[in-house]
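So the sequences go chain by chain: A and B.
Going by the UniProt record's numbering, the residue at position 113 of the first sequence is 113; the numbering climbs one at a time, nothing skipped.
Going by the UniProt record's numbering, the residue at position 210 of the second sequence is 210; the numbering climbs one at a time, nothing skipped.
Note that CB positions come from ideal geometry on N, CA and C, so glycine has one too.
Computed from a predicted model, the values in this text were never measured in an experiment.
Before any comments, here is the structure.
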Amino acid sequence: MWDKLFPPKKITLDSGSVVYEKRSKSPVILMIVAVAMYYSGVVTGFDWNQLMSGIHEFFTIIFEMLQPNWGYMSRAWPELMSTLQMSLFGSVLGAVIALPLAVLASSNITKKRIIVSSVKTGLSLVRTMPTLVTALIATYIFQLPQTAGTIAIILFTTSYVGKLVYEAIENVDMGSFEAMEAMGMDKRSAFRTAIFPQILPNYLSISLYSFEGNVRYAAILGYVGAGGVGRLINETIGWRDYQSLGMIVFMLVITVYLIESTSEYFRKKLA
Amino acid sequence: MSTLTAVEKQLHSEPDHRRYTIVLMAILSGLMIWSVSDLSVALDERGMIIARNILTGLVNPDLAFLFSLTNQGVFYLLMETIAIAFLGTILGAFLAVPLAFLSASNIVPKPISGLTRMLLIVIRTIPSLVYGLMLIRVTGPGPFAGVLTIGITSIGMLAKLYVDAIEDLDIKVLESMTSMGCTVFEKIRFGILPQLFSLFLSVMIYRFDMNMREASILGLVGAGGIGAPLIFAMQGYRWSQVGSILIGLVVLILIIETVSNKLRTKLVNG
Numbered sequence: 001m002w003d004k005l006f007p008p009k010k011i012t013l014d015s016g017s018v019v020y021e022k023r024s025k026s027p028v029i030l031m032i033v034a035v036a037m038y039y040s041g042v043v044t045g046f047d048w049n050q051l052m053s054g055i056h057e058f059f060t061i062i063f064e065m066l067q068p069n070w071g072y073m074s075r076a077w078p079e080l081m082s083t084l085q086m087s088l089f090g091s092v093l094g095a096v097i098a099l100p101l102a103v104l105a106s107s108n109i110t111k112k113r114i115i116v117s118s119v120k121t122g123l124s125l126v127r128t129m130p131t132l133v134t135a136l137i138a139t140y141i142f143q144l145p146q147t148a149g150t151i152a153i154i155l156f157t158t159s160y161v162g163k164l165v166y167e168a169i170e171n172v173d174m175g176s177f178e179a180m181e182a183m184g185m186d187k188r189s190a191f192r193t194a195i196f197p198q199i200l201p202n203y204l205s206i207s208l209y210s211f212e213g214n215v216r217y218a219a220i221l222g223y224v225g226a227g228g229v230g231r232l233i234n235e236t237i238g239w240r241d242y243q244s245l246g247m248i249v250f251m252l253v254i255t256v257y258l259i260e261s262t263s264e265y266f267r268k269k270l271a
Numbered sequence: 001m002s003t004l005t006a007v008e009k010q011l012h013s014e015p016d017h018r019r020y021t022i023v024l025m026a027i028l029s030g031l032m033i034w035s036v037s038d039l040s041v042a043l044d045e046r047g048m049i050i051a052r053n054i055l056t057g058l059v060n061p062d063l064a065f066l067f068s069l070t071n072q073g074v075f076y077l078l079m080e081t082i083a084i085a086f087l088g089t090i091l092g093a094f095l096a097v098p099l100a101f102l103s104a105s106n107i108v109p110k111p112i113s114g115l116t117r118m119l120l121i122v123i124r125t126i127p128s129l130v131y132g133l134m135l136i137r138v139t140g141p142g143p144f145a146g147v148l149t150i151g152i153t154s155i156g157m158l159a160k161l162y163v164d165a166i167e168d169l170d171i172k173v174l175e176s177m178t179s180m181g182c183t184v185f186e187k188i189r190f191g192i193l194p195q196l197f198s199l200f201l202s203v204m205i206y207r208f209d210m211n212m213r214e215a216s217i218l219g220l221v222g223a224g225g226i227g228a229p230l231i232f233a234m235q236g237y238r239w240s241q242v243g244s245i246l247i248g249l250v251v252l253i254l255i256i257e258t259v260s261n262k263l264r265t266k267l268v269n270g
């Protein structure tokens, strides 16, 4: 199709043989991107002048955040801890639930097509739901904000870890599994001894990675009333108390940094 | 017999991790007990009724709302969300380039790259909703604030992944070009860009995929996209509208994810 519309460039070499150089698609792609950018700009009301005239406001806020209100630390501390509790419990439970689901979703272990495809679809449906939306729905169902937040994190972790783990299982070396089965082991013990050790480091590393992400997500869940430090973020911005906001962000950065470094240390060890 | 002893030898030579595992397990269970202390799964009548209503709404979506093509319908709202994510990704992709070069340890001196990396961590940690709420002060509520928010939130990850590509640059190509007498411009155009472009593009497509999710929640703070109608419908207990919005959103995100995965495999494999 492409080659018919834009015939390849013909180059005759010194030796007399003819080679064809395919036309580059970049100009067309660039044009499509430019048009898409233009229309996106129209739809979203992109306006340079407004940006230029208002951007100082943004930096004023940043500047105020850079002088954090240290006294706010005692207020934010319990909420930060509750954020950590939510993400820790949610990640661990989510990762535990994810494992059996991942096994059910691996086409090389589970032979029933219908189970494999339905679990896979279920996982990807849950995964596409933004965590904040799940949390919002959960706040309507559960009374306690922390529970709603934890449920949202469990759901997200299960779907995310589940997907990555079934991909890992599907790429595993099946030789030892088949050998175990040939020796007369039943499927469960063959899985436990032949496949589980192969995916275990991967599984732990995926779970740790998802825990890192969950701390960030949990930080905003409070915004929709699902517990954690997000509630304070909402409050401080509402009152334009940017110095306290700066304190919250500072504490978050430190926490996330510590957790990421710890988890990265363990993930490097696992690899 | 000799093979068996070899196997046994191997078995005994395996390092003993038991104490390490036990300590880790103890720490982890301690943390779990601590984190479960505040939870309760109290479900009262009201919660059950709402859960049932939500499920009913999800299976009986408001079809007129889902398929309407006016600018109140799900279709238009989804287009707006795509537009926010798209423009935001491009904005972020440009903003991230200088930061990425400034934090690549093979291009700038160590202290500068370290500082820029710290800055990137801070940018990445601030939740997108915070940027959203801050930028609404700049542009007023609406999708424009969403574009800027997506742009800024994307910087952190984009720059981090760009840096990996930059640090893997094949310097030998540049050396041979220098020895051939190429100018600086030619070196950048034919030596560096071809190496980086497809990787950068692949990172951008990946981030666009993620930004779709971000853009769909930014409406919660009033920064445009499908999030605002979603939260209004929920606050008004109009679950069938919630259902149609969620169905539209999930289908769209799944489509974009599939396309982006296809594109990226194609880009990476040439």
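is_contact[residue i, chain A] using C-beta, thresh 9 Å
i: ARG213 of chain B; result: yes
i: ALA51 of chain B; result: yes
i: PHE86 of chain B; result: yes
i: ILE90 of chain B; result: yes
i: THR139 of chain B; result: yes
i: PRO15 of chain B; result: no
i: ALA228 of chain B; result: no
i: PRO194 of chain B; result: no
i: THR56 of chain B; result: no
i: PHE144 of chain B; result: yes
i: GLY224 of chain B; result: yes
i: PRO98 of chain B; result: no
i: PRO61 of chain B; result: no
i: THR21 of chain B; result: no
i: LEU254 of chain B; result: yes
Residue i at chain B interface by Cβ criterion, 9 Å
i: THR128 of chain A; result: yes
Assumed close pair residue i, residue j - CB separation to whole angstroms, cut-off 8 Å
i: PHE197 of chain B; j: SER260 of chain B; result: Contact flag wrong, Cβ pair sits at about 17 Å.
i: ALA76 of chain A; j: VAL229 of chain A; result: 6 Å
i: SER105 of chain B; j: ALA159 of chain B; result: With 8 Å as the limit, SER105 of chain B and ALA159 of chain B do not qualify as a contact, their Cβ atoms being about 13 Å apart.
i: LEU88 of chain A; j: LEU31 of chain B; result: 6 Å
Where residue i sits in the DSSP three-state scheme
i: ILE109 of chain A; result: coil
i: GLU170 of chain A; result: helix
i: ILE62 of chain A; result: helix
i: THR21 of chain B; result: helix
i: ILE114 of chain A; result: helix
i: VAL11 of chain A; result: Here residue 11 of chain A turns out to be Ile, not Val, going by the sequence shown. If DSSP states are grouped into helix, strand and coil, ILE11 of chain A belongs with the strands.
i: TYR160 of chain A; result: helix
i: GLU14 of chain B; result: coil
i: VAL256 of chain A; result: helix
i: TYR20 of chain A; result: strand
i: ASN261 of chain B; result: helix
i: LYS201 of chain A; result: Per the sequence shown, residue 201 of chain A should be read as Pro rather than Lys. PRO201 of chain A falls in the helix class under three-state DSSP.
i: TRP34 of chain B; result: helix
i: ILE126 of chain B; result: coil
i: ARG240 of chain A; result: coil
i: ASP3 of chain A; result: helix
i: ASP47 of chain A; result: coil
i: ASP164 of chain B; result: helix
i: LYS25 of chain A; result: coil
i: PHE142 of chain A; result: coil
i: MET37 of chain A; result: helix
Proximal residues to residue i (C-beta, below 6 Å), its chain only, five neighbours per side dropped
i: LYS187 of chain B; result: LEU174 and MET177
i: SER263 of chain A; result: LEU208 and GLU212
i: ILE154 of chain A; result: GLY90, LEU93 and GLY94
i: LEU161 of chain B; result: VAL203
Top-ranked residue by Cα proximity to residue i, from the options
i: TRP239 of chain A; options: A:ASN202, A:ILE61, A:ASN108 and A:GLU79; result: A:ILE61
i: VAL122 of chain B; options: A:MET251, A:LYS269, A:ALA271 and A:PHE266; result: A:MET251
i: ILE55 of chain A; options: B:VAL221, B:LEU135, B:ARG46 and B:LEU220; result: B:LEU135
i: SER29 of chain B; options: A:GLN85, A:LYS10, A:LYS4 and A:VAL43; result: A:GLN85
i: ILE254 of chain A; options: B:ILE126, B:ASP16 and B:ALA6; result: B:ILE126
i: PHE101 of chain B; options: B:ALA93, B:LEU91 and B:SER113; result: B:SER113
i: ILE195 of chain A; options: A:PHE63, A:GLY184 and A:ASN171; result: A:ASN171
i: MET48 of chain B; options: A:SER159, A:ARG192 and A:ALA138; result: A:ALA138
i: LEU125 of chain A; options: A:PRO197, A:THR157 and A:SER15; result: A:THR157
i: LYS4 of chain A; options: A:VAL28, A:SER82, A:LYS22 and A:GLY16; result: A:LYS22
8 Å CB neighbourhood of residue i in its chain, flanking five on each side removed
i: MET59 of chain B; result: Looking at the sequence shown, residue 59 of chain B is not Met but Val. So the list reads GLY243, once near-sequence residues are dropped.
Own chain partners of residue i with C-beta closer than 7 Å, once the 5 adjacent residues on each side are dropped
i: ASN211 of chain B; result: ALA85, GLY88, THR89, ILE150 and SER154
i: LEU80 of chain A; result: VAL229, MET251 and THR255
i: LEU245 of chain A; result: MET65, ILE233, THR236 and ILE237
i: ALA102 of chain A; result: GLY162, VAL165, TYR166 and ILE169
i: LEU204 of chain A; result: LEU270
i: ALA165 of chain B; result: LEU196, LEU199 and PHE200
i: residue 273 of chain A; result: Chain A is shown from 1 up to 271; residue 273 of chain A falls before or after that span and cannot be answered.
Any C-beta of chain E under 9 Å from that of residue i
i: ALA194 of chain A; result: Given the protein chain composition of this structure (A and B), no chain E is represented.
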